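Colleague: Just so it is clear: in the sequence shown, position 76 is 1353 by this note's numbering, and no numbers are missing.
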Amino acid sequence: MKIPKPIKCVIFDMDGVIIDSEELHKKAYYDTFTTIGVNVSDELYQTLTGSSTINAFQKLVAHFNLSINPEALVLEKRKRYVSFFENDPTLHLVKGVEELIKHCFQKGLTLVLASSSAMVNIDRVFNRFDLNQYFTAKISGADLTASKPHPEIFEKAAILGNTSKENCIVIEDSDNGIKAANDAKIFVFGYRNPLAADQTLENANLIIDDFSQLKSIL
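#1: Going by DSSP, what residue range makes up the beta strand (DSSP E) through residue 1387?
#2: Are there 16 or more other CB atoms within 10 angstroms of the CB of residue 1328, so buried, or fewer, so exposed?
#3: Out of 1313, 1420, 1278 and 1325, which one is the CA nearest neighbour of residue 1299?
#4: Alpha carbon to alpha carbon, how far is residue 1491 from residue 1315?
#5: Would residue 1414 pass as a contact of residue 1438 if the rule is Cβ separation under 9 Å?
#6: With DSSP collapsed to three states, give me the class of residue 1479.
#7: Is the distance from the Cβ of residue 1423 to the Cβ of residue 1429 below 9 Å?
#8: So, helix, strand or coil for residue 1361, using DSSP?
#9: Are the region 1386-1393 and the region 1279-1288 touching by the rule of at least three beta carbon pairs closer than 8 Å?
#10: Give the secondary structure of residue 1317 by DSSP, where H, G and I count as helix, E and B as strand, and everything else as coil.
#11: Identify, in the order they occur along the chain, each residue of the same chain with its Cβ nearer than 7 Å to the Cβ of residue 1425, setting aside the five sequence neighbours on each side.
#12: Use the C-beta contact count for residue 1470: other C-beta atoms within 10 angstroms, 16 or more gives buried, fewer gives exposed.
#13: For residue 1310, write down the residues that DSSP places opposite it in a beta bridge.
#14: Enumerate in chain order the residues of its own chain whose CB-to-CB distance from residue 1353 is below 6 Å, with the five nearest sequence positions on each side excluded.
#15: Just checking, does the region 1468-1484 make contact with the region 1440-1451 on the three C-beta pairs under 8 Å criterion?
#16: For the ligand FMN, I want to know if residue 1332 counts as a neighbour, meaning its beta carbon is within less than 8 Å of at least one of the ligand's heavy atoms.
#17: Residues bridged to residue 1415 by DSSP?
#18: Which residue comes first and which comes last in the alpha helix (DSSP H) that contains residue 1432?
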């Protein structure tokens, strides 16, 4: 698939693309795993990256044959994540992404956020880093019937951006997110976040290591 011409809408993932929060999520997940007494391997955890929290816990409950309500586990994990988020003064945006967001906005491109995180977490990030002014719409995968790698979130993002999919691009750092963009038939840039080294990005249409590489395209 070729880079769309013209590009009119940029669809951003959040965790690992806009904010370096993957480690906070991982700590919150593993604290919850310890509480319920399950040993989640690196390989199993890798398959959960990019999915919504409810989807991740539904998979784990089935995998370990647990008699625990997945919704209760979501609340446990979310409580831990919020604590880490609010007590970590070093939490920061991914290097170069704020400049990229401002560059796209100044060029008149439509920006849409499409994240598997709950909307409460999306709002927490956007309010802390003052990002709402740049985005036309925000979508939480937690509010949809299907989670990444299902394409629904990106199909809806294009609709909310009022843009044909042929003129959209997606920026993702997870294999599940990339598959969702592939299946939505939207061009996807795979961002190689050093904190998500377990993600192959092999199905991205183009892989980037630095957001400055995208500024010249956009």
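All residues carry an ideal CB built from backbone N, CA and C; glycine is no exception.
Nothing here was measured: the structure is a model prediction, and the numbers come from that model.
Modeller: Taking the geometry as given:
#1: 1387-1392
#2: buried
#3: 1325
#4: 41 Å
#5: yes
#6: coil
#7: yes
#8: helix
#9: yes
#10: coil
#11: 1327, 1328, 1393, 1418, 1453, 1454 and 1457
#12: buried
#13: The partner list for residue 1310 (beta bridge, DSSP) is empty, contrary to what the question assumes.
#14: 1309
#15: yes
#16: Because no ligand of any kind appears in the structure shown, any question about the ligand FMN cannot be addressed here.
#17: 1390
#18: 1429-1437
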